[in-house]
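Below is one structure, written out as structure tokens; the observations come after it.
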Amino acid sequence: MKKLINTAESVVEDALNGLAAAHPSLRVRDRVVYRADAPRPGKVALVSGGGSGHEPLHAGFVGHGMLDAACPGDVFTSPVPDQILDATRAVDGGAGVLHVVKNYTGDVLNFEMAAELCAGVEVAKVIVDDDVAVQDSLYTAGRRGTGATVFVEKIAGALAEEGAPLAEVARVAADVDGRSRSFGIALTSCTSPAAGKPTFDLPGDEVELGIGIHGEPGRARVPLVSARELAAIAMEAIHGDLPLRGDLLVMVNGMGSTPLMELYVVFAEVESFVRGKGARVTRSLVGNYVTSLDMQGFSVTVCRLDDDLTRLWDAPVETPGLRWGR
Amino acid sequence: MKKLINTAESVVEDALNGLAAAHPSLRVRDRVVYRADAPRPGKVALVSGGGSGHEPLHAGFVGHGMLDAACPGDVFTSPVPDQILDATRAVDGGAGVLHVVKNYTGDVLNFEMAAELCAGVEVAKVIVDDDVAVQDSLYTAGRRGTGATVFVEKIAGALAEEGAPLAEVARVAADVDGRSRSFGIALTSCTSPAAGKPTFDLPGDEVELGIGIHGEPGRARVPLVSARELAAIAMEAIHGDLPLRGDLLVMVNGMGSTPLMELYVVFAEVESFVRGKGARVTRSLVGNYVTSLDMQGFSVTVCRLDDDLTRLWDAPVETPGLRWGR
Amino acid sequence: MGGMGELMDRGTGEGMDTAFFLAWFEDAGRLVRLQRDRLTALDAAIGDADHGANLDRGFTEVRQAFAEWPPATPVQALVSAGTTLIRRVGGASGPLYGSAFRQMGKSMDSPVTLAVFAAAFESGVRAVERLGKAAQGDKTMLDALVPASRELTRAVQEEIAAREAFERAARAAEEGSRATIPLRARRGRASYLGERSVGHEDPGAASAAIIMAALAAVAS
Amino acid sequence: MGGMGELMDRGTGEGMDTAFFLAWFEDAGRLVRLQRDRLTALDAAIGDADHGANLDRGFTEVRQAFAEWPPATPVQALVSAGTTLIRRVGGASGPLYGSAFRQMGKSMDSPVTLAVFAAAFESGVRAVERLGKAAQGDKTMLDALVPASRELTRAVQEEIAAREAFERAARAAEEGSRATIPLRARRGRASYLGERSVGHEDPGAASAAIIMAALAAVAS
Ligand SMILES: Nc1ncnc2c1ncn2[C@@H]1O[C@H](COP(=O)(O)OP(=O)(O)O)[C@@H](O)[C@H]1O
Ligand SMILES: Nc1ncnc2c1ncn2[C@@H]1O[C@H](COP(=O)(O)OP(=O)(O)O)[C@@H](O)[C@H]1O
Ligand SMILES: [Mg+2]
Ligand SMILES: [Mg+2]
Ligand SMILES: [Mg+2]
Ligand SMILES: [Mg+2]
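Residue numbers (the numbering used here), protein chains in the order written: chain L, 1 to 326; chain D, 1001 to 1326; chain A, 2001 to 2220; chain H, 3001 to 3220.
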């Protein structure tokens, strides 16, 4: 295992120290990352969290127009209720707190436990479950939350910044999740610092289809084909679940070790696929937003926009991972 | 070789198509990436360029407050004079054009040839040569241009946006280069699409010290040690060449396949090293800015700021790779 | 394990005392540490390769919690361990194991006879089922915990000695864990794999078997 | 290579004609394509692994340029090839080789006797020295080009036939390229490696030797 770390045990702490040192607009305390100006009286606050190893998610999305606090767990391990509880209490400005929870057993359970303990704070939650690679059925834990988390946090964050009440922020957050779908493809596995070796083995000429963001193997393994064909596989899966129509927000996301050049190659294919279906990419992100340690590969996330959502997407945001308008 | 590409031959073209599709504020024509609003009458224009494979450098730094055009060459191959000539002519708004050239034989020669052909356009150039791993002597091609390119482009771009004349923009650009130093360390080699295999082999327990951004092997190979020790190696090399003093702009840059979490771990160490020398990190960047395809590793770039440079650094910038203030 | 045997000898007569429960967690922690890499490898195959690290961290924290606030009763030991796992582990297994031990503690009467233990244990297992919305056969820790609980209840009915009962429970857990191999996962992270989860042992079932093995060991 | 031989036979008497130069570039392109991977591997060792791709692209473009605007004279062929390399290759080798051929073309008298060729060739090599601020011994293409140029000049003085002269020049280039192995680079990308550049053949010297081998081949 080759990593820029001190020890596997200290990696999350060390990275948080770096985050705090690099971003004066953030405060880090007891494994929670806060906006330095929290709590904002009268504003609905957003709290998210999840395992570490997905940077910039979530801590990199703390700031004006997005999250008020993020709770990073250990690598690929959801945070504990104490973190969520601390965060929720600290950022509540009297208007209540929205928990943005990715749909994993661990995340859901820990956020639930924290919410039960948050007496005195009005808490709502949105469960993000956008990954079409997983069937949502009685026989699974349901769809995973992946790329749409960024969309939910950005758009709900903008709405909260505008002063909307908790119920409205929660409703729009759920709406964004409902309009969003993702699909991921891995060229390599990832290596968790504690495990010290790749989570799975992938021969040099194969890719994993339908991977999540924790190095879980995907649903199927197929030969490595061109970016065009891989993009089509991802887009067909998305289109088959939620037909591509109208104005779309599209993110082509790198899994952590994917060069930006390759992500742009994929984006070109995705955009032309979308046009082929008669829809339009009106907003986009290309880069590393929801990563999986040092995995090579990409995911595509698509959200069907309307005018309101477009306006909220365009609203100013100032976080380490996403910034415009200020 | 596992890459998200269509063919090795088309990778630069395909990525540029993706860039154009993702960023409506850019125009791509004949292998040149332009600000859509170029030329800006009366504003000094900035043109840079170099091999591809370093994304977001350079095309990702085209936009308000930074470059007016970028000329991407093939992977790791400097652009040709035609591109530079086209770019220079197209962006000149009557106030002249600054060529930002990284100090590589190929880049220098091709920019020189283009400059000779630019009759009618006032052209100045700045050579960026910040890499302390290379001795600047009669016996080398001189120091390489690496991370400081981002600083030079940002600060000179801000000055040009303010309306400063060409000579002044060129002077400050050279000043930024003179105040900047870099050092890079690789955990892995990179694989150029055309070569199809890693440029060098690095055993699982060794790192290359003093690498450039083209997969060139470094000056020495040592055992893999902790992030703290690697950061100290890089910082000692920089400090030995330009003592760390006063307010510093520090970039911890990923080489393309380095997870952001690890870059923050390194940044924490760099920042504490700087404090140990009695200096202060007052501005910083942590992320992928000047990459080397799919290399794992990092570089540190340090620039000694003064109030003017800090102000120019803070000025609004709106490019795919760097954005704030608008 | 002489000391443990003594504890248990006492336990058989007048009930299992606090030291017995401390020893159980101590030994579970020791075994988890030993098997950490195996648990992580199992989780790598159908999950995210953190189960070994999660539980190792959890039991280390439990040991520390016991050192800082020495429990005075079995109930305190179980509730403290459960709370610590919830507060320190995260992931799916933290709340699930944590709630199991907390619930077990809360349902524990005094003195702790085998019958009392078995009833409390069952109540802990029910907490996992409730929280995880899962049942035996879903390829989770429940595939080890449910058979173990059943053995304990049967042992009480058949008036078998505690030591022997714990042995049987450990065996049942171990068999239950191995029985997850051919199953297709329906809960937790492994469920994302669909058919590809078949052929692998569930890491949580394996760790449950380890915890039951520790119980048998401290009683022997 | 029968056709080439004929060209040269004509050349020996009345000077080398346009077809001879076209054949030279054609064959150089063919050999570069064949040795593309070797050139890239050499560049990987002490550079950035693109020299094979750069030259292959360059000579392919030269062939296309010749097809679009068939040169009417040796001068046109050289200037067109040089300009194309400058305009299409990039990197260090594009401007260097391009300038060499352009300069060679510009200094070429008519008819092209061996003496004329040798003088023009030398002028092309000088252009590389000027542009690259380099000299023989710096571990660059000049380590093949300078000895080749010297052989051509000597052949003119010794009144050796062109065919034999080109053979000698090709041999000298090949030896010059191999002689770069023990050298420490002082120019180009390899100079960044310092001592670590020792022990490797310079890719540009190797490609120069290939280009000279093509010259000898078309003349044979
Ligand atoms: N819904 C559930 N009900 C019962 N047990 C579960 C459930 N989900 C997961 N588990 C158990 O948790 C184990 C995984 O624990 P761990 O790896 O620590 O957490 P995570 O899955 O969050 O990474 C699984 O192997 C399974 O036994
Ligand atoms: N200053 C120089 N003078 C002469 N030849 C040079 C000089 N710099 C580089 N070269 C030649 O160019 C070759 C490298 O060409 P190439 O790989 O195509 O370009 P780049 O180095 O830009 O990647 C070197 O092997 C060397 O022979
Ligand atoms: Mg986990
Ligand atoms: Mg090159
Ligand atoms: Mg796990
Ligand atoms: Mg090269």
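Quick reminder that beta carbons are idealized off the backbone N, C-alpha and C, glycines included.
A quick note: this is a predicted structure, and the numbers were derived from the prediction, not measured.
Minimum Cβ-Cβ distance from Asp294 (chain L) to chain D less than 8 angstroms: yes
Please determine whether the Cβ atom of His3200 (chain H) lies at a distance below 7 angstroms from any heavy atom of ligand 6. For ligand 6, not one heavy atom lies less than 7 angstroms from the Cβ of His3200 (chain H).
Along chain B, which residues have their Cβ under 7 angstroms away from the Cβ of Ser3149 (chain H)? Absence of chain B from the displayed structure is noted, the protein chains being L, D, A and H.
For ligand 5, I want to know if Arg2189 (chain A) counts as a neighbour, meaning its beta carbon is within less than 7 angstroms of at least one of the ligand's heavy atoms. yes
Just to make sure I have the definition right: I need the residues of chain D whose C-beta is within less than 7 angstroms of the C-beta of Glu262 (chain L). Which are they? Contact of Glu262 (chain L) with chain D by beta-carbon distance below 7 angstroms involves Lys1003, Leu1004 and Ile1005.
For a quick check, are the C-beta atoms of Gly1050 (chain D) and Ser1299 (chain D) less than 8 angstroms apart? The answer is no: Cβ separation not under 8 angstroms.
Have a look at Glu2068 (chain A) and Cys118 (chain L) and give me their C-alpha separation to the nearest angstrom. 26 angstroms
Proximal chain A residues relative to His214 (chain L), where beta-carbon distance stays under 9 angstroms: Gly2047, Asp2048, Ala2049, Asp2050 and Arg2189
Coil, strand or helix - Thr310 (chain L) by DSSP: helix
Candidates D:Thr1310, D:Ala1020, D:Asp1014 and D:Val1033, of which the one nearest Val1176 (chain D) by Cα: D:Thr1310
Taking Val1097 (chain D) as the reference, give the member of D:Glu1229, D:Val1126 and D:Asn1110 with the closest Cα. D:Val1126
Would you say the segment 1024–1034 of chain D touches the segment 1195–1212 of chain D, given that touching needs at least three Cβ pairs under 8 angstroms? no
Using DSSP's beta-bridge definition, name the partner residues of Asp1068 (chain D). Note: Asp1068 (chain D) sits in no beta bridge, so no partner.
Taking only runs of the beta strand (DSSP E) that begin and end inside the segment 1263–1316 of chain D, which ones reach a length of at least 3 residues, in chain order? Counting only runs of 3 or more, we get 1280–1287 and 1297–1304.
Counting only Cβ pairs nearer than 9 angstroms, list the residues of chain D close to Arg31 (chain L). By Cβ distance, chain D contributes nothing, its closest Cβ being about 14 angstroms from Arg31 (chain L), past 9 angstroms.
Should Val1290 (chain D) and His1054 (chain D) be called a contact, given that it needs their Cβ atoms to be closer than 8 angstroms? yes
Please list, following the chain, all residues that have a C-beta closer than 5 angstroms to any non-hydrogen atom of ligand 3. L:Phe76, L:Thr77, A:Asp2048, A:Asp2050 and A:Gly2091
So Gly2176 (chain A) packs on Ala2092 (chain A), CB below 8 angstroms; how close in whole Å? Not really, about 18 angstroms apart at Cβ, beyond 8 angstroms.
Please list, in chain order, the residues of the segment 1017–1050 of chain D that have any C-beta partner in chain L closer than 7 angstroms. Asn1017, Gly1018, Leu1019, Ala1021 and Ala1022
Mind checking which residues open and close the alpha helix (DSSP H) that includes Lys43 (chain L)? Note, Lys43 (chain L): premise wrong, no alpha helix (DSSP H); not H, not E.
What residue range is occupied by the uninterrupted beta strand (DSSP E) comprising Lys1102 (chain D)? Its beta strand (DSSP E) spans residues Val1097 to Lys1102.
Chain-ordered neighbours of Val2089 (chain A) on chain L, where CB pairs are closer than 8 angstroms: Thr77 and Val80
Would you kindly work out how many angstroms separate the C-alpha atoms of Asp1030 (chain D) and Ala3045 (chain H), rounded to a whole number? 32 angstroms
Which stretch, first to last residue, makes up the beta strand (DSSP E) that contains Met251 (chain L)? Asp247 to Gly254
Minimum C-alpha distance to Leu312 (chain L) - residue among L:His64, L:Val11 and L:Ala8: L:His64
Output the distance between the C-alpha atoms of Ala3208 (chain H) and Val1222 (chain D), rounded to the nearest integer angstrom. Near 35 angstroms, if we compare the C-alpha coordinates of Val1222 (chain D) and Ala3208 (chain H).
Kindly indicate which three-state DSSP category Ser52 (chain L) falls into: helix, strand or coil? strand
Given a cut-off of 8 angstroms on the beta-carbon distance, is the pair Ala3118 (chain H) and Leu3152 (chain H) in contact? yes
Say whether chain D places a C-beta atom closer than 8 angstroms to the C-beta of Glu271 (chain L). yes
8 angstroms Cβ cutoff met for Gly2094 (chain A) and Val252 (chain L): no
Closer than 8 angstroms, CB to CB, is Gly63 (chain L) near chain D or not? no
Proximal chain D residues relative to Tyr3097 (chain H), where beta-carbon distance stays under 9 angstroms: Per Cβ cutoff of 9 angstroms: no residues; Tyr3097 (chain H) is ~11 angstroms from chain D at best.
Which residues, in chain order, does the segment 3012–3035 of chain H contribute to contact with chain D at a C-beta distance below 9 angstroms? none
Is Arg2130 (chain A) close to chain L, meaning its C-beta is less than 8 angstroms from at least one C-beta of that chain? No, Arg2130 (chain A) lies away from the interface with chain L (no Cβ there is under 8 angstroms from its Cβ).
Going by the C-beta, is Gly1256 (chain D) closer than 7 angstroms to any heavy atom of ligand 4? Incorrect: Gly1256 (chain D) has no Cβ contact closer than 7 angstroms to ligand 4.
Note down the Cα distance separating Thr258 (chain L) from Ala2170 (chain A), rounded to an integer number of angstroms. Distance between the alpha carbons of Thr258 (chain L) and Ala2170 (chain A): 46 angstroms.
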